[in-house]
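Report on the following structure.
There are 2 protein chains.
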Amino acid sequence: METTNKICAGDVRTASRLIRDLEDRLPGARPKLKNLFAHTGKSFIIGITGSPGAGKSTLTDALVHEFRRRGKTVGVLAVDPTSPFTGGAILGDRIRMLRHAEDDAVFVRSLATRGALGGLSQAAGDAIHVMEAMGKDVVIVETVGIGQQELDIINHAHSVVVVLVPGMGDDIQAMKAGIMEIADVFAVNKADRPGAGQLQKELAALLSATAVAEGDWRPPVVTLGNLYEPASFAEKAAELAQKVLEHHDYLIVSGRLAGRMERKAMMEITDALKASILEPVVAKLIATGELKEMTNRVAGRETDPYSEAEAVARRFIKAGETA
Amino acid sequence: METTNKICAGDVRTASRLIRDLEDRLPGARPKLKNLFAHTGKSFIIGITGSPGAGKSTLTDALVHEFRRRGKTVGVLAVDPTSPFTGGAILGDRIRMLRHAEDDAVFVRSLATRGALGGLSQAAGDAIHVMEAMGKDVVIVETVGIGQQELDIINHAHSVVVVLVPGMGDDIQAMKAGIMEIADVFAVNKADRPGAGQLQKELAALLSATAVAEGDWRPPVVTLGNLYEPASFAEKAAELAQKVLEHHDYLIVSGRLAGRMERKAMMEITDALKASILEPVVAKLIATGELKEMTNRVAGRETDPYSEAEAVARRFIKAGETA
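Chains as they are written, first to last, in my numbering: chain A, 1 to 323; chain B, 1001 to 1323.
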């Protein structure tokens, strides 16, 4: 329980070590997280996503600045699924966050794990729990893109900011259906670039075409201009923070926060089932050399992967439990 | 076996139906795929990935055109993880592919499934197998981005083309480590745009800084300009096709193709294990209402997801088989 007490008291070193141990899947880390879990669920979790180059880190930094100005403590988790091979997020402590380095109320960590079975969503959920237990008022989860894995990560959030930039080309048409489903607030960044008018027009058309029931939330659009005009950029970032907080109020007042908490719990259970059921089976097959033998048989077309997997299932799963 | 025979004879309707049934996870589809599996493994599978708006569909179309000119039959699978909520790839039959619509030797399908446990990689692998069994010489898998899920999809390919465009911003620094690991050929598209020189310079620096052993493959860079100058664009697309085929030759001559086939088999087994072991357990928990109860307990902080998952594992997994 010492770890729990230290983290709940906000101890940065203990929290950092537990996040790293969870990411590395050290055997002792999970029981500690179990003890912490009762102290989670009170933070407001904000997801920020968008294409590479959209300026998410800059926006995250500006949001941190604004939340601090409002007296809130902040945790930031930067999840980088685009650098899966390096064994750690390349940007490390996120250079742009350095201006908050001396501020004890801001806790920043990066994740870029890639397990054989894709444990990034679970690692993100774990790290968020640690930050919640630390008592952070706000936890910001930043990730790249809106692929499937990134959506799993962003589903840990209560409110989602989607960052768009002008000039991303016509594939934005294809992205929009997904974006409309997950975005609670839009940020149009780098709006001093060519194509900004076009993007805002398309977004407005899309938003007005989407039916929103009376009293329901219609995602607002915040337009941010040139980062190198700091005064107006900070003003817009403050507006973005305000819109996100308004969405949080909406979730509470409308009773929708409970639904989002349940969606989050469901996903955490699914991730935990993967870790408890699938991963031990795969670990066993690796340890015995059977996975290698199966691979050779499948690569040589002596058998197919589906029959092999079914045979494994018959061996490991209790008969009669599934139908 | 009728399905197998029809698909091996190239029947488009039967192949289309099986791909759809596999995507929808109809119970009868999997056994059919088992029968087909022995007829797979002979196609050359090319992956194409890049950010949204990078022009992947245009390049895929140009590659199809060039492979057809060389007398090869082609399958194209467009996988769209960015539109997971629509229940089908938005671009459907990929408008730009229409010029091949009358060509029986070209078979084009789109996928955008999103199962609760993320079955997109498996659905992609399934569809590729169907196209292989149809006897396509080349199968092109096109996907968006290089997130974790997209990497799983692209791992089905023997050779990978990464499409870059100028002006994607500084996050390209963060993407590069991942890109360098998966790219066999680089395509710099829209090279008539501002920032093209900078991108090519960065890419050249990165490539020269990467150690390549004597006789190993060094990814070539093909630069494509304005799509609306069709003659020079087609010439560059032909060069891209040539580089991809040279990479295939390299894989064969160097003996590395076997390694890629094994990596692919390993991933297919992992996907199949997920379908055979994890999914039936989750399905059972959903059917009995237990998943809902677990979700309520976790959301209410009465328990934690890890303890819940461990209890499920004890119930479903045979004692003594793991650990």
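The C-beta atom is built at its ideal place from N, Cα and C for all residues, glycine as well.
Query                                                                                                                          : Result
Contacts that B:Leu1278 makes with chain A (C-beta to C-beta distance below 7 Å)                                               : Leu273, Lys274, Ile277, Leu278
Segment contact flag, the region 1150-1159 of chain B with the region 1054-1067 of chain B, C-beta cutoff 8 Å, min 3 pairs     : no
Neighbour list for B:Val1312 in chain A, Cβ cutoff strictly below 8 Å                                                          : Leu273, Ser276, Ile277
Below-9 Å beta-carbon distance, B:Asn1226 vs any chain A residue                                                               : no
Beta-carbon spacing of A:Val185, A:Thr223 below 9 Å                                                                            : no
Contact under 9 Å by Cβ, B:Cys1008 with B:Ala1127                                                                              : no
Where B:Leu1091 falls: helix, strand or coil (DSSP)                                                                            : Residue confidence for B:Leu1091 is low, a pLDDT of 45 falling below 50, so the modelled location carries little weight and cannot support an answer.
Those runs of the beta strand (DSSP E) which lie wholly inside the region 1205-1257 of chain B and span at least 3 residues    : 1221-1223
Contact with chain A by B:Ala1174, beta-carbon distance below 9 Å                                                              : Interpretation of B:Ala1174 is limited by its pLDDT of 44, a score under 50 that renders its predicted location unreliable; the figure taken from the coordinates is listed afterwards. For B:Ala1174, the answer is yes, since a Cβ of chain A falls inside 9 Å of its Cβ.
B:Thr1058, DSSP secondary structure in three states                                                                            : helix
Minimum length 3: unbroken beta strand (DSSP E) runs contained in the region 1007-1082 of chain B                              : 1044-1050, 1074-1079
The region 290-297 of chain A contacting the region 1247-1267 of chain B, beta-carbon criterion three pairs below 8 Å          : yes
Chain B within 9 Å of A:Asn296, Cβ atoms only                                                                                  : yes
CB contact check: B:Leu1117 to chain A, cutoff 9 Å                                                                             : Bear in mind that the predicted position of B:Leu1117 carries a pLDDT of just 48, short of 50, making it unreliable; the figure below should be weighed with that in mind. Closer than 9 Å to some Cβ of chain A, the Cβ of B:Leu1117 qualifies, so yes.
Coarse secondary structure for A:Glu302, derived from DSSP in three states                                                     : coil
Contact list for B:Lys1201 against chain A, beta-carbon separation under 9 Å                                                   : Near B:Lys1201 there are no residues of chain A at all, since even the closest Cβ is about 17 Å away, more than 9 Å.
Secondary structure of A:Ala183, DSSP reduced to three states                                                                  : coil
Which residues DSSP lists as bridging A:Ser110, in chain order                                                                 : A:Ala78
Near-chain A residues of the region 1248-1267 of chain B (beta-carbon distance less than 8 Å), N- to C-terminal order          : Ala1258, Met1261, Glu1262, Lys1264, Ala1265, Met1266
Cα-Cα separation between A:Ala191 and B:Gly1195, rounded to whole angstroms                                                    : 18 Å
Any C-beta of chain B under 9 Å from that of A:Ile7                                                                            : no
Neighbourhood of B:Phe1085 by C-beta distance below 6 Å, restricted to the same chain and skipping five residues each side     : Bear in mind that a pLDDT of 36 at B:Phe1085, under 50, signals an unreliable position, so the number given afterwards is only what the model happens to contain. Closer than 6 Å at the Cβ level, and outside the excluded window around B:Phe1085, lies no residue.
Environment of A:Ala287 [buried if 16+ CB atoms lie within 10 Å]                                                               : exposed
Within chain A, partners of B:Asp1325 - CB distance below 8 Å                                                                  : Given a span of 1001 to 1323 for chain B in the structure shown, any question on residue 1325 of chain B remains unanswerable.
Three-state secondary structure assigned by DSSP to B:Glu1142                                                                  : strand
Touching by the beta-carbon criterion (3+ pairs, under 8 Å), the region 1271-1286 of chain B and the region 303-314 of chain A : yes
For B:Ser1043, the nearest candidate out of B:Ile1317, B:Ser1208, B:Asp1137, B:Leu1207 (CA to CA)                              : B:Asp1137
A:Arg30 burial status per 10 Å Cβ neighbour count (16 or more: buried)                                                         : buried
B:Ile1048 at chain A interface by Cβ criterion, 9 Å                                                                            : no
Rounded separation between A:Arg301 and A:Leu111 - CA only                                                                     : 38 Å
B:Gln1198 burial status per 10 Å Cβ neighbour count (16 or more: buried)                                                       : exposed
B:Ile1048, buried or exposed, once every other Cβ within 10 Å from all chains shown has been counted against 16                : buried
Neighbour list for B:Ala1299 in chain A, Cβ cutoff strictly below 7 Å                                                          : Met261, Glu262, Ala265
Residue of B:His1129, B:Ser1254, B:Arg1260 minimising C-alpha distance to B:Ala1213                                            : B:Ser1254
Chain-ordered neighbours of B:Ile1045 on chain A, where CB pairs are closer than 7 Å                                           : Going along chain A, no residue has its Cβ under 7 Å from B:Ile1045, so there is no contact; the nearest lies around 14 Å.
Bridge-paired residues (DSSP) for B:Val1160                                                                                    : B:Gly1047
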